[in-house]
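Visitor: My questions will all concern the structure given below.
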Amino acid sequence: MSDLTSLDPQTLATQLAGYDIAAMQTALKKQTSSLAAQKAALTALRTALSDFRSALTGLNKTDSGMLQNVATTNVEGVANVTAGSGAQKGSYNLFVEQLASAHQIAFDDMTDESIKNATGTMTITITASRWTLRWMAWESMSDLDQKDQ
């Protein structure tokens, strides 16, 4: 019985408990490793989806994306056309009856000499605006825009 007296019950209990939980520790380590790999994969997937969303947003822009709205004319200088995000696809006809041009009415017989001798008032009406000029001691045509009326 000398062999039984050399046994340490605390050491024996520690060894038996270690054998009992060794399988659970191995399974737990495998599960922890698997969960870490899944977390890394999900993080990579989130990054890829975010990049994909950014790319789709870029493609969907109306001014520079894949589905741009563009308006053009076949005659330059006649009309300015633009297409906004709500523009409907199609060809549209634009009828131009007459092009506007710069126009100036000149007073051919109004000279510096006639300005010096003028008296009374002159009324100018353009659309709904009306100006009345009182003839004063003006010396030339250039005085018309320099005097306060």
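In the numbering used here, the protein residues as written are 0 to 148. Ideal placement from N, C-alpha and C gives every residue a C-beta, glycine not left out.
Need the endpoints of the beta strand (DSSP E) that T124 sits in, please.
Guide: Taken as a continuous stretch (DSSP letters only), the beta strand (DSSP E) holding T124 covers T120 to I125.
Visitor: Run through DSSP, which three-state label would L6 get?
Guide: Here L6 sits in coil by DSSP.
Visitor: Using the C-alpha atoms, what's the distance from I123 back to W137?
Guide: So the alpha carbons of these two residues sit roughly 18 Å apart.
Visitor: So for L48, helix, strand or coil by DSSP?
Guide: Helix, per DSSP.
Visitor: Which residues share a DSSP beta bridge with W130?
Guide: DSSP output for W130 lists I123 as bridge partner(s).
Visitor: Kindly indicate the opening and closing residues of the alpha helix (DSSP H) around D111.
Guide: Per DSSP, D111 belongs to the alpha helix (DSSP H) from D111 to N116.
Visitor: Just how far apart, CA to CA, sit G63 and W130?
Guide: One detail in the question is off: residue 63 reads as Ser in this sequence, not Gly. Each residue's Cα considered, the two are about 50 Å apart.
Visitor: From this set, N59, M135, I20 and G76, which residue's C-alpha is nearest A99's C-alpha?
Guide: Selected option, being the one with the closest Cα: G76.
Visitor: Looking at the structure shown, is Q24 part of a helix, part of a strand, or coil, going by DSSP?
Guide: In this structure, Q24 counts as helix in the three-state DSSP scheme.
Visitor: Helix, strand or coil: which one does DSSP assign to T13?
Guide: In the structure shown, T13 sits in a helix (DSSP, three-state: H, G or I).
Visitor: So, using beta-carbon positions, are S175 and N68 closer together than 8 Å?
Guide: With the chain covering 0 to 148 only, the question about residue 175 has no answer from this structure.
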